[in-house]
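Protein chains in written order, with the numbering used here: chain A, 24 to 229; chain B, 24 to 229.
Here's what the structure looks like:
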């Protein structure tokens with residue numbers, strides 16, 4: 024029997040993706056579930072829903088709530104948090120690099136470092152120097168990796184992954200997919216892992 | 024020291040309010056927390072955000088996801104679910120009756136019966152005969168209660184409670200308030216109860 028696995032769809036600009044990126048590795052290892060990291064861009068997903076900005080900016084009561092909820096959850100998980108001076112930040116370059124990392128096996132430490140830069144250190148993750156320094160600190164060849172991240176084939180791959188997200192019915196991040204089941208939100212990580220292990224099965228809709 | 028308490032804001036048309044209405048009583052009793060039941064109407068709250076319908080109808084991917092998520096969660100909690108043939112149903116009359124019940128101590132069984140009618144039996148809760156039968160089945164004087172529910176003073180009280188929800192920054196249901204902290208969603212029930220018990224405190228924002 025193959026080891027259970029989940030797809031983890033995330034965006035570097037997303038606050039709740041921050042929480043999940045920081046904890047999914049350990050949670051999945053404890054559950055005995057493999058994680059397939061799927062960086063994508065929320066911008067086109069939101070545009071398909073008619074939003075030209077984060078819904079947390081478009082709807083102020085949702086935004087005010089989210090920042091406080093995020094602070095409470097970070098505290099609960101023991102994660103550092105410094106409210107970013109800019110939101111949302113452009114996660115395009117980081118997502119392109121993460122796509123390379125997903126192929127090469129270093130996406131988890133890279134994603135955690137980028138999320139920490141954005142949400143715990145208030146650094147500008149759209150800056151190539153910031154991303155380059157993060158890759159370098161992982162002991163990886165930064166120049167080479169950034170070049171490959173920005174090659175046409177990799178740009179196309181990220182665009183296709185984002186289009187795939189829309190096709191799959193994703194409307195936010197983080198999201199999880201397990202055997203065709205979609206789970207949305209950091210709150211659903213545990214349910215998605217349980218589903219992958221077969222603990223919470225329910226027949227598919229008829 | 025007073026017994027810890029939370030405000031529980033809910034709407035009879037709301038799918039995730041169904042889950043919470045069915046389980047908050049037992050969860051709160053186990054946590055040693057009192058519940059102040061606050062029925063309100065989402066319609067005016069959504070209008071204030073620019074929505075003239077449920078966001079689950081306005082944004083089809085969110086709606087498709089919600090119905091499947093609801094089925095999974097109902098299964099997880101062991102709650103019956105029959106997808107309603109009409110959504111959202113008008114919860115105005117039920118909310119007015121619930122407001123009377125909140126004052127008189129029978130709101131919990133009433134709310135559970137109305138939610139069961141809407142989401143497990145596909146009954147039309149906007150019909151006075153349906154609400155009247157539910158009140159009657161609780162052994163309460165239905166005619167008298169429906170008359171008081173529709174008195175001007177009670178209509179005004181529900182309108183004011185809904186306006187208060189907007190003022191407090193609510194943007195959906197269910198929501199919980201504990202000492203000025205707002206929690207949104209069935210997912211946050213456990214966190215709200217823990218907060219009420221002082222287990223998860225974090226300083227208020229400066």
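Just so you know, even glycine gets a beta-carbon here, dropped at the ideal spot from N, CA and C.
Exercise for review: Compare the C-alpha of residue 99(B) against each of 30(B), 113(B), 85(B), 43(B) and name the closest.
Suggested key: Position 76 of the second chain holds residue 99(B). With distances taken between Cα atoms, residue 99(B) lies closest to 43(B).
Review point. Leaving out the 5 sequence neighbours to the left and right, which residues in its chain are closer than 8 Å to residue 121(B) when beta-carbon positions are compared?
Key: One-based indexing of the second chain puts residue 121(B) at position 98. The residues are 35, 60, 62, 130, 133, 134, 137.
Exercise for review: Check whether the Cβ of residue 194(B) lies closer than 7 Å to any Cβ atom in chain A.
Suggested key: Position 171 of the second chain, counted from the start, is the residue given in the question as residue 194(B). Among the CB atoms of chain A, one or more fall inside 7 Å of the CB of residue 194(B).
Point to revise | Cross-strand partners of residue 57(B) (DSSP beta bridge) | key: Counting from one through the second chain, the residue named residue 57(B) turns up at place 34. Paired residues: 28(B).
Exercise for review: Check the Cβ-Cβ distances between residue 105(A) and every residue of chain B, and say whether any is below 7 Å.
Suggested key: What you label residue 105(A) is simply residue 82 of the first chain in a count that begins at 1. So, not an interface residue.
Point to revise | Reference residue 217(B); option with closest CA among 54(B), 45(B), 128(B), 79(B) | key: Within the second chain, the letter at position 194 stands for residue 217(B). Here the closest residue by C-alpha is 54(B).
Check your understanding: Expressed to the nearest angstrom, what Euclidean distance is found between the alpha-carbon atoms of residue 229(A) and residue 91(B)?
Key -> In the first chain, counting from the first residue as 1, residue 229(A) sits at position 206. In the second chain, counting from the first residue as 1, residue 91(B) sits at position 68. The pLDDT assigned to residue 229(A) is 49, lower than 50, so where the model puts this residue is not dependable, and the model offers no usable value.
Practice item. Buried or exposed for residue 84(A), please, with buried defined as at least 16 other CB atoms from any protein chain shown within 10 angstroms of its CB. Key: Counted from its first residue, the first chain places residue 84(A) at position 61. Buried, because 16 or more other Cβ atoms sit within 10 Å of the Cβ of residue 84(A).
Practice item. Using the Cα positions of residue 37(B) and residue 116(B), report the straight-line distance between them to the nearest angstrom. Key: If you number the second chain from 1, residue 37(B) lands on position 14. If you number the second chain from 1, residue 116(B) lands on position 93. Distance between the alpha carbons of residue 37(B) and residue 116(B): 15 Å.
**Study point:** Contact set for residue 215(B): own chain, Cβ-Cβ below 7 Å, skip 5 residues either direction
**Key:** Along the second chain, one-based indexing puts residue 215(B) at 192. Correct list, in chain order: 29, 199, 201, 206.
**Study point:** Limits of the unbroken beta strand (DSSP E) element including residue 200(A)
**Key:** Position 177 of the first chain, counted from the first residue, corresponds to residue 200(A). DSSP places residue 200(A) inside the beta strand (DSSP E), whose first and last residues are 198-201.
Practice item. Run down chain B in chain order and give the residues with a C-beta less than 7 Å from the C-beta of residue 210(A). Key: Mapped onto the first chain, residue 210(A) falls at position 187. The contacting residues are 210.
Review point. Of the residues 221(B), 194(B), 170(B), which one's Cα is nearest the Cα of residue 74(B)?
Key: Residue numbering aside, residue 74(B) sits at position 51 when the second chain is read from its first letter. When each option's Cα is compared against that of residue 74(B), the closest is 194(B).
Exercise for review: Taking residue 107(B) and residue 142(B) to be in contact with their CB atoms under 8 Å, please state how far apart those CB atoms are, rounded to whole angstroms.
Suggested key: Numbered from its first residue, the second chain carries residue 107(B) at position 84. Numbered from its first residue, the second chain carries residue 142(B) at position 119. The Cβ separation is near 6 Å, so the contact holds.
Check your understanding: Sorted by chain position, which residues of the same chain lie with C-beta nearer than 6 Å to residue 41(A)'s C-beta, five sequence neighbours on each side aside?
Key -> Walking along the first chain from the start, residue 41(A) turns up at place 18. Excluding positions up to five away in sequence, the list reads 138, 142.
Check your understanding: Which same chain residues, not among the five before or five after residue 156(A), have their C-beta less than 8 Å away from its C-beta?
Key -> As a first step, residue 156(A) must be located in the first chain, where it is residue number 133. When the five nearest sequence neighbours on each side are left out, the beta carbons in the same chain lying within less than 8 Å of the beta carbon of residue 156(A) are those of 165, in order along the chain.
Check your understanding: Helix, strand or coil: which one does DSSP assign to residue 67(A)?
Key -> Counted from its first residue, the first chain places residue 67(A) at position 44. Helix, per DSSP.
Check your understanding: So with Cβ pairs under 7 Å, would you call residue 39(A) a contact of chain B?
Key -> In the first chain, residue 39(A) corresponds to position 16, counting from 1. No, residue 39(A) lies away from the interface with chain B (no Cβ there is under 7 Å from its Cβ).
Check your understanding: Quick one: Cα of residue 170(B) to Cα of residue 180(B), how far?
Key -> Here the question's residue 170(B) lines up with position 147 in the second chain. Here the question's residue 180(B) lines up with position 157 in the second chain. One C-alpha to the other measures close to 15 Å.
Exercise for review: Taking only the alpha-carbon atoms, compute the straight-line gap between residue 82(B) and residue 213(A) and give it to the nearest angstrom.
Suggested key: Within the second chain, the letter at position 59 stands for residue 82(B). Within the first chain, the letter at position 190 stands for residue 213(A). It is roughly 26 Å from the alpha-carbon of residue 82(B) to the alpha-carbon of residue 213(A).
Check your understanding: Comparing the C-beta of residue 12(A) with each C-beta of chain B, is any distance below 7 Å?
Key -> For chain A, the structure presents residues 24 to 229; residue 12(A) sits outside this window and is missing.
Point to revise | Interface flag, residue 95(B) vs chain A, CB-CB below 7 Å | key: Here residue 95(B) is taken as the residue at index 72 of the second chain, counted from 1. Yes - at least one Cβ of chain A is within 7 Å of the one on residue 95(B).
Check your understanding: Do residue 113(A) and residue 77(A) have their C-beta atoms closer together than 7 Å?
Key -> Taking the first residue of the first chain as position 1, residue 113(A) is located at position 90. Taking the first residue of the first chain as position 1, residue 77(A) is located at position 54. Contact flag unset, no.
Practice item. Could you name the residues of chain B that residue 88(A) contacts, counting a contact when the two beta carbons are closer than 8 Å? Key: By 1-based counting over the first chain, the position of residue 88(A) is 65. Those within 8 Å of residue 88(A) in chain B are 192, 194, 205, 207.
**Study point:** 8 Å contact criterion, which residue 230(A) and residue 226(A) should meet: CB distance rounded
**Key:** With chain A running from 24 to 229 in the structure shown, residue 230(A) is simply not present.
Review point. In chain order, what residues of the region 74-88 of chain A put their CB closer than 7 Å to some CB of chain B?
Key: Residues of the region 74-88 of chain A whose Cβ lies closer than 7 Å to any Cβ of chain B, in chain order: 82, 84, 85, 87, 88.
Review point. Which one or two residues does DSSP pair with residue 205(A) in a beta bridge?
Key: Your numbering for residue 205(A) matches position 182 in the first chain. Bridge pairing for residue 205(A): 200(A) [DSSP].
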